[in-house]
Structure formats: structure tokens, C-alpha cells
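For the protein sequence lines, the chains are A and B, in the order given.
For the first sequence, the positions run 1 to 324 when this note's numbering is used.
For the second sequence, the positions run 1 to 506 when this note's numbering is used.
Idealized CB from N, CA, C, for every residue including glycine.
Presented below is the structure to which this report refers.
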Amino acid sequence: MSRALKSREALLGLAIMLLIGLIATRFPDFVAPSNLANVFNDTAALIILALAQMVVILTKCIDLSIAATLALCGMVAAMLDVAGVPMAVIVPLAMALGACLGAVNGLLVWKLQIPPIVVTLGTMTIYRGIIFLISGGKWINDQEMSPLFKSLPRMEFLWLPVLSWCAVAVVAIFAVLVGRTPLGRSFFAVGGNAHAAVYTGINVGRTQFAAFVISGALAGLVGYLWVARYAVAYVDIANGFELDVVAACVIGGVSIAGGVGSVGGAVLGALFLGVIKNALPVIGISPFWQMAISGTAIILAIAVNATEGRSRGRVILKSAEHVA
Amino acid sequence: MQASPSDRPVLRLSGISKSFPGVRALSGVSLALYPGEVTALIGENGAGKSTMVKILTGIYQPDAGTIEVDGQVTAFPTAAAEATAGVTAIHQETVLFDELSVAENIFLGHAPRGRFGLIDKAAMVAQARALLARIGANLDPTITLKDLGIANKHLVAIARALSIDARVVVMDEPTAALSYKEIEELYELVERLKAEGKAILFISHKFDEIFRIADRWTVFRDGELVGAGMMNAVDEAQLVQMMVGRPVDQIFPKRQHSLGAPVLTVAGYCHPTEFQDINFTLHMGEILGFYGLVGAGRSEFMQALFGITRPSKGACRIDDRIAVIRSTAQAIAHGIVYVPEDRGRQGAVKGLPIYQNVTLPSLGRTSRHGFLRLAREFALARQYTERLDLRAAALDQDVGLLSGGNQQKVVIAKWLATRPRVIILDEPTKGIDIGSKAAVHAFMAELAAEGLAVIMVSSEIPEVLGMSDRVIVMREGRMVAEFGKAAMSPEALVRAAAGIGERAAA
């Protein structure tokens with residue numbers, strides 16, 4: 001992408017380093033490799049969902065139902081486990097269910113042209129409601145889940161747990177998907193200029209549909225990981241998490257107006273929130289400050305975006321074309 | 001040629017000049033508007049009419065010239081002071097607020113105030129009702145504007161003009177989007193405004209209505225004043241002559257045209273509302289011009305041909321095989337590409353670098369096993385941008401940073417990279433400077449020489465005459481005339497497009 005974005009990612013990376021450095025001056029334990037690995041592991045779900053949300057936002061949509069999809073798929077995964085379904089089936093099924101839930105969002109946006117924010121606000125409530133219906137409002141807890149179901153995300157190989165490796169794999173896949181496939185390119189084209197995209201033979205609605213399906217499938221994956229990691233499934237898991245996910249995207253430079261964003265930015269945005277969330281209890285600051293800090297970070301990120309856009313200006317002078 | 005004024009003009013502009021980078025929009029033109037009279041402003045697209053309206057309404061400030069109100073030299077209006085200067089404009093697509101009520105639209109910015117400086121809604125509605133009655137409009141002032149048709153929106157705009165006590169009313173092609181009956185009602189309204197002593201500037205391409213309602217005429221051509229006078233001392237032929245009659249000062253590329261085999265045959269294309277019964281055959285190496293007034297249905301037809309909308313009837317054959325085009329992707333696969341008129345909205349994707357814009361419709365060719373090959377993308381982009389002599393520092397530069405002319409080149413490069421058989425260019429030189437225009441024309445000739453079939457939609461007569469091998473004229477959604485190279489003349493095109501005289505034969 002453009003140089004401005006690259007420098008923007010560097011800036012965010014620097015901010016995270018600075019933050020970690022600052023914490024390290026008073027709490028050296030925080031920067032121990034094992035603790036940093038813990039922070040990463042704790043942020044893995046946010047990273048995966050931020051990338052999923054990013055492709056949706058790139059196409060000028062938004063998926064507010066992402067956390068509800070996560071919760072529904074997590075509940076279904078837990079119920080399948082209780083019913084004795086093998087793990088090799090549960091995870092693909094959770095992702096397939098997520099993809100279907102995403103497809104519902106996508107079809108409503110594509111075929112009925114309903115604004116995405118309205119669609120996903122509606123399905124967000126519906127999906128939570130379905131969890132209540134299928135679970136009868138009851139929790140599925142630790143004792144009911146099979147040992148393998150719970151331990152899979154925690155299994156370590158090559159120094160990191162499976163949960164972290166999932167995030168790494170998703171980042172790698174997205175780097176290729178977004179940067180190196182025609183679908184990835186059409187996400188940018190559709191969000192950047194939908195009219196122009198139509199003229200180049202891109203089906204705008206179908207591209208948005210694809211983004212919602214990807215988002216749903218990943219929410220399904222995280223649904224299993226989440227329920228297994230915390231060893232509990234109930235109606236309200238990950239309640240409000242969709243806002244953290246959108247926040248990670250915005251901090252990472254993904255433009256809500258569509259067409260602008262990068263994998264690196266979204267990952268760094270998620271890490272930034274992850275570091276703050278994990279550091280504040282260490283420093284002994286109330287978790288309420290966390291909200292204020294992430295709120296400030298969002299506004300700062302948008303302010304940086306706005307000034308970048310403004311400083312460019314129009315190139316009117318012929319001689320300035322080469323300079324630009 | 002200046003006619004001696006029968007009385008003092010309410011508004012007189014003299015020696016007005018206005019330049020934009022690369023374009024001289026107006027040079028030393030004058031315009032006088034008289035109370036109780038309709039002055040028709042006539043000219044081709046690009047003659048400077050719109051620039052004049054924008055100066056009158058304070059959107060542009062002229063580089064030179066003076067403005068006199070009642071014989072007193074005053075400052076040029078600014079947009080904010082437009083209302084106080086007493087000039088108000090009614091545009092083709094009226095600029096009002098859809099979500100506000102009729103009364104609120106009429107009084108926005110100068111609503112009657114009641115106690116505590118709050119808007120007195122009852123008084124506002126009552127006054128609005130009185131104003132609407134004055135222009136004979138039977139409208140409920142409390143209705144929301146979006147529920148009204150265009151004709152009624154014009155009425156609201158006119159009521160607004162009366163509410164600010166405007167002395168000059170500018171009507172910029174007010175009938176372009178109206179039905180026959182609505183047009184008649186508008187004429188009646190113009191008569192009422194005349195009776196109230198308003199000075200009216202009426203811009204139109206339709207000669208029948210100019211002769212019906214105007215008292216005076218002023219003709220602009222290429223940003224200069226050609227003449228002005230009384231309507232009763234002039235006829236259609238003279239006006240058309242003044243409007244288009246110019247020495248051919250633009251040089252168009254000379255072409256040895258030898259037409260090849262037929263590429264595209266369109267038979268009986270119809271659309272329920274936009275166009276009807278379009279038939280033609282396009283040959284390799286041919287440049288086919290589509291001329292007509294704005295709103296004649298040319299772009300709408302092209303969009304159907306390109307698969308953006310679907311025709312209700314009709315068939316399209318490519319190389320004598322039926323081609324089913326239901327999406328733009330299919331049109332591109334059949335070798336048809338469309339370079340749209342509105343580059344900003346429909347052309348370049350700002351935010352994406354140049355090379356990614358060029359390869360956007362060709363991603364299938366630049367990828368292998370579903371993965372994009374950056375080297376191939378760059379090679380393809382370089383090949384076509386170099387061919388168009390694109391001035392840009394690097395291919396990974398954001399398209400949004402390029403000038404209009406260069407953005408146009410990126411858009412054209414994007415289409416050429418798909419290796420099309422038929423290329424549709426919609427107003428290819430609109431809004432670009434003369435140097436870039438010549439380059440686009442030379443390039444079109446080159447494409448045709450290579451055997452590409454070119455359809456050029458253009459509202460600029462010199463361009464149509466200079467470039468086309470054949471011209472189809474559309475009016476009100478139908479093909480009304482077709483001219484071969486020998487039969488083309490500016491007068492014939494204007495007459496056919498404006499509906500003067502009989503249907504012309506090829």
C-alpha cells in the first residue's frame with residue numbers, strides 16, 4: 001500500500017513499543033518473553049476478529065453481529081461436544097455455521113440492499129436470542145465439556161499454544177488473501193469506489209457477501225476457541241466484544257468509509273488494545289481506565305487519518321505531479 | 001449587434017472574464033437582463049453558460065468585469081449574499097432539502113421569527129401558502145419536499161425566489177426533466193413572473209421553447225459573446241448558425257478510414273423508460289458518434305449495452321453470434337468496455353495505486369492459480385500507461401494525486417489492458433484541457449486504425465464532426481437521425497437533436 005500507510009503502521013508499532021517500554025521501567029516482569037507470549041495469546045481472538053472485521057469494513061460495510069455469531073457458534077460447539085461429537089467434526093462445523101450466519105448478513109445486504117449496520121444490529125440480537133432458545137438459558141460448564149475440547153487451544157508446540165498459532169495462521173492467510181488474490185483486491189475496489197468497481201466487472205454485492213461469509217467463518221472458529229479456553233458457554237459470552245473489534249480496526253488505520261486498511265494495521269491495532277488491557281491490572285489502574293484509554297486511542301487514530309487526508313490537497317500545478 | 005434597450009436593465013454584466021487552469025471559460029462577455037422580460041441564453045455545451053450562472057449566483061468570482069444593478073456599479077455577489085443581491089437560480093435538478101417541508105424550504109435562512117427569536121411556524125406556513133397561491137401552485141406547505149415531483153420542486157424554488165424578493169430569476173434548463181404538461185405549467189409561471197416585473201434568464205437548448213417564451217436572446221460560443229438582440233428580429237436558422245458556426249479551429253487527426261467486418265450489431269434495444277428501438281451495426285475500425293442533448297438517453301443506452309442495466313427487449317450480436325450481457329463482467333468478457341463520463345464517481349478508484357487501477361478488470365490475466373502476480377501487474381500497467389504517455393512518478397502512486405487528464409489516461413489504460421473489441425467513450429474530453437483533448441483524439445484515431453470499434457458519446461459538435469465516421473442522433477430516448485461523413489453538418493446535428501424540422505435521412 002501507500003507510503004503514508006506504511007509510516008502509519010510504523011507509528012503504531014512505535015507507540016506499542018513505547019508503551020511496553022514505559023511499563024517495563026516500573027514492572028520489568030511485564031516484558032519477560034513468557035509474559036509477552038501470554039499477552040499475545042490473550043489478544044489472539046481479537047486479532048482474528050479484527051482481520052475478519054477489516055475485510056467487511058474495507059467493502060464499506062460493518063459486522064456488528066460478529067460477537068453474537070462467536071457466541072452462538074461457541075454454544076453450538078459446546079453442545080456438540082456434550083453430545084459426544086468428535087473434535088475433528090466440531091471445529092469445521094463451528095466455522096461452517098459461522099459462515100452461514102455471515103451469509104445471512106451478506107444476503108440481506110446484497111439482495112435486499114439493507115444498510116449493513118441495520119442488518120447486523122438486527123442479526124446480533126437474533127443470534128443471541130437463538131443461543132437462549134437452544135440452551136434454554138442454561139450454562140454449559142467445565143465439568144460437562146470433554147478434556148480434549150478444553151485443552152486443544154492450550155496445547156503448546158514450538159513455545160506457543162494452539163490459540164496463538166491460530167492467530168498467526170489467520171494473519172498469514174489474510175496477508176495473502178488481501179494482498180495477493182483478486183477477491184482481496186476487489187474488497188478495496190468496492191469500498192474505495194463502488195461505482196468504478198461496477199464498471200470494471202466487479203459484482204459489488206457479491207464481494208460484500210464474501211466479506212460477511214469470511215467474517216462469519218472466523219467468528220465461528222473464535223467461538224470454539226473462546227468457549228474452550230474459558231471452559232464455559234452461555235448466552236452473554238463476548239457481549240460487547242464487537243466494539244473492541246471495530247476499535248482495533250479503527251486504531252489500526254482501517255477507514256470506516258471503506259477502501260483503506262491493511263493486515264498489519266489491523267493486527268497492530270488489536271495488539272495495542274491487548275497490551276493496554278493486560279498492562280493496566282499490572283500497573284494497578286482500574287479497568288475502567290482501559291475504556292477511557294482505548295477511547296482516546298480511537299479518537300487520536302481518526303484525528304491522524306483526518307490530518308493525513310487534509311495535508312495532501314489537490315494537485316493543480318502540472319509541475320507538482322512529479323513531486324506528489 | 002447589441003440591441004438598443006427599450007428600458008434600463010435591472011442587471012448588467014460587462015467585460016466578464018473567467019479562467020480556470022488550462023481553460024478560458026469566459027472572455028469579455030456581457031449580459032443584460034431587463035425587468036419583466038425573459039432573456040434566453042443560448043450556446044453549445046462548454047460555451048460558458050454555466051460559468052455565467054455561477055458568477056451571477058456568486059459561486060464563482062470573475063477575473064475581470066463589472067456588474068451594475070439599476071445602473072449602479074456594485075460588488076459581485078458572493079454565495080452568501082446572493083439572496084440580498086436579488087438573484088436566485090433554479091437549476092435542472094433543484095437544490096433544495098428533501099427532508100424539510102415545503103414551507104421550511106421556502107423560508108430557510110429567513111424564516112419569520114416570533115417571540116424569543118424562535119421560528120414562528122404558523123406564520124411561516126401561512127406566508128408560504130400565500131406565496132404558493134401567488135404563483136398558482138396548489139401545494140400543501142407542510143408536505144415534505146421529497147414527496148414532490150421535479151415540477152413541483154421547481155415551484156417551491158420559485159416560491160423561495162419570491163420570498164426573498166428576488167428581482168432576477170435564473171432558470172438553467174428547467175424543462176429538461178419535466179413532462180409535457182408540466183412544461184406548459186412552467187411557461188404559465190414564467191408569464192406570471194414577467195408580469196411581476198422579474199427579470200428572467202432562461203437557459204435552454206430547445207428552440208421551440210425559446211421562441212415561445214423569450215423576449216431577448218444572447219448567444220455565447222467558446223466563452224465569447226456572439227450576439228444579443230430581440231427575439232422578434234431573429235429566426236431559428238440564424239440562432240443555430242451563431243451557436244455553432246465557427247471556423248474549424250481545432251485540428252482533428254486525419255484518418256484513412258477503411259471499415260472492416262461488422263463487430264457489434266444491436267437490434268431493437270428497448271428499455272421501459274429510458275430508450276426505445278435502438279438499431280445499428282458497428283464495424284472494425286469505425287468511430288461511431290452518438291450526439292444528442294443532455295438527457296437524450298445516450299448514456300442510459302450505453303449502460304444497458306455494457307450490462308449495468310438490462311434492456312427489456314432487443315438483441316446484441318458480436319461477430320454475428322448472439323451475446324448475452326447481463327453483467328459488466330460478461331460485457332468485458334465479450335470485449336466491450338465502457339469509459340464512463342464521470343471519472344470521479346465511475347472511473348478511478350482513489351486510494352488504490354495506479355497499477356492496481358489499471359489491472360482491476362484484468363485480474364484474471366495477472367493471476368496464476370488464483371494468486372496475483374505483482375510482476376505481471378506492473379508489466380501490464382507499464383505497457384499501457386507508457387503507451388498513453390502518462391506523466392506520473394511511479395506506478396504505485398495513488399491515483400487520487402493525479403490531475404484530471406492523467407486520471408483519464410489511467411482509466412483508458414485500464415480498459416485497453418482488457419484488450420477490448422469495442423470501446424465506448426462517454427464524453428471522453430469533457431472537462432479536460434485543450435492539450436489533453438488533442439491527445440485523446442489522436443489516441444482514438446490510433447485505436448480505430450488498429451481495428452478497434454469505437455463508440456463516442458459526445459455533446460460537443462466539433463468533436464463529433466471531427467472524429468466520427470458516422471453519427472447517430474438521439475432525442476428523447478430514440479434514434480432520430482443518422483448521418484454519414486458527407487451528410488454531417490453542425491446545423492443538421494443541432495436541428496435533429498433539438499427536434500427542429502423533419503426527421504433527417506442518412
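Can you tell me which of the options puts its alpha carbon nearest to the alpha carbon of residue i?
i	options	result
A/Ile237	A/Cys249, A/Ala247, A/Val222 and A/Val250	A/Val222
B/Phe211	B/Phe220, B/Val226 and B/Leu239	B/Leu239
A/Phe174	A/Arg154, A/Leu97, A/Val39 and A/Ser262	A/Ser262
A/Met145	A/Leu158, A/Cys166, A/Val82 and A/Met124	A/Val82
B/Lys313	B/Thr74, B/Glu341 and B/Asp277	B/Asp277
B/His110	B/Glu99, B/Arg192 and B/Ala128	B/Ala128
B/Ile203	B/Pro272, B/Val169 and B/Gly484	B/Val169
B/Ile423	B/Gln356, B/Lys437, B/Pro340 and B/Glu476	B/Pro340
B/Pro353	B/Arg326, B/Val399 and B/Val324	B/Val399
B/Ile143	B/Val102, B/Ala126, B/Gly136 and B/Gly114	B/Val102
B/Ala498	B/Ala237, B/Ala442 and B/Arg167	B/Ala237
B/Arg584	B/Pro35, B/Phe443, B/Glu173 and B/Ala487	Any answer about residue 584 of chain B is impossible in this case: the structure gives chain B only from 1 up to 506.
B/Gly347	B/Ser299, B/Asp320 and B/Lys414	B/Lys414
B/Phe275	B/Thr281, B/Ile287, B/Met302 and B/Leu465	B/Met302
B/Asp396	B/Lys194, B/Val358, B/Ala157 and B/Glu209	B/Val358
B/Tyr384	B/Val324, B/Leu447 and B/Leu11	B/Leu447
B/Leu372	A/Pro182, A/Ala167 and A/Ala301	A/Pro182
Quick one: using the 10 Å Cβ neighbour count with 16 as the cut-off for buried, is residue i buried or exposed?
i	result
A/Val178	buried
A/Met95	buried
A/Ser65	buried
A/Met17	exposed
A/Trp289	exposed
A/Thr207	buried
B/Tyr187	exposed
B/Ser50	buried
B/Asp249	Here B/Asp249 scores only 49 on pLDDT, less than 50, and its place in the model should not be relied on; the value that follows carries that caveat. Burial call: exposed.
B/Glu104	buried
B/Phe116	exposed
A/Ile117	exposed
A/Ser286	exposed
A/Met155	exposed
A/Val119	buried
A/Trp159	exposed
How is the beta strand (DSSP E) around residue i delimited, first residue to last?
i	result
B/Gly268	Pro262 to Cys270
B/His154	Not the beta strand (DSSP E): B/His154 falls in the alpha helix (DSSP H), residues Ile150 to Ser163.
B/Gln516	One cannot answer for residue 516 of chain B here, as it falls past the ends of chain B, which runs 1 to 506.
B/Ala313	Looking at the sequence shown, residue 313 of chain B is not Ala but Lys. Per DSSP, B/Lys313 belongs to the beta strand (DSSP E) from Lys313 to Ile318.
B/Met171	Val168 to Asp172
B/Gly335	First-last for B/Gly335: undefined, no H or E at that position.
B/Ala483	Here residue 483 of chain B is Phe; the residue named in the question, Ala, does not match the sequence. Run containing B/Phe483: Arg478 to Gly484, per the beta strand (DSSP E) assignment.
B/Arg8	Run containing B/Arg8: none; DSSP gives neither H nor E here.
Rounded C-beta distance between residue i and residue j? I'm assuming under 8 Å.
i	j	result
A/Val227	A/Asn141	Not confirmed; about 11 Å, so no contact.
A/Ile62	A/Val56	6 Å
A/Leu87	A/Leu163	What sits at residue 87 of chain A in the sequence shown is Met, not Leu. Incorrect: roughly 15 Å between the Cβ atoms, too far for contact.
A/Pro153	A/Leu225	5 Å
B/Gly285	B/Ala449	7 Å
B/Ala267	B/Ala315	5 Å
A/Asn203	B/Ala32	Contact doesn't hold; Cβ gap of about 55 Å is too wide.
B/Met474	B/Gly297	6 Å
Between which two residues does the alpha helix (DSSP H) containing residue i stretch?
i	result
B/Val399	First-last for B/Val399: undefined, no H or E at that position.
B/Leu282	Per DSSP, B/Leu282 belongs to no alpha helix (DSSP H); it is in the beta strand (DSSP E), Ile278 to His283.
B/Gln127	Lys121 to Arg134
A/Val275	Val263 to Ile283
B/Ser19	Premise fails: B/Ser19 lies in the beta strand (DSSP E), Leu11 to Phe20, not in any alpha helix (DSSP H).
A/Leu183	Pro182 to Gly192
B/Met243	Glu236 to Val244
A/Gly102	Met87 to Lys111
B/Glu491	Pro490 to Ala498
*Spell out a yes or no on whether the segment 60-67 of chain B and the segment 228-239 of chain B are touching, meaning 3 or more CB-CB pairs, one atom from each, closer than 8 Å.*
no
*Does the count of Cβ pairs from the segment 403-422 of chain B and the segment 380-391 of chain B closer than 8 Å reach three?*
yes
_Would you call the segment 35-53 of chain A in contact with the segment 264-276 of chain A, where contact means no fewer than 3 C-beta pairs closer than 8 Å?_
yes
*Do the segment 189-196 of chain A and the segment 68-83 of chain A meet, that is, are 3 or more Cβ pairs less than 8 Å apart?*
no
*asked:* I want to know whether the segment 279-297 of chain B touches the segment 356-375 of chain B - three or more CB-CB distances under 8 Å.
replied: No, because fewer than three Cβ pairs between the segment 279-297 of chain B and the segment 356-375 of chain B fall closer than 8 Å, the two stretches do not touch.
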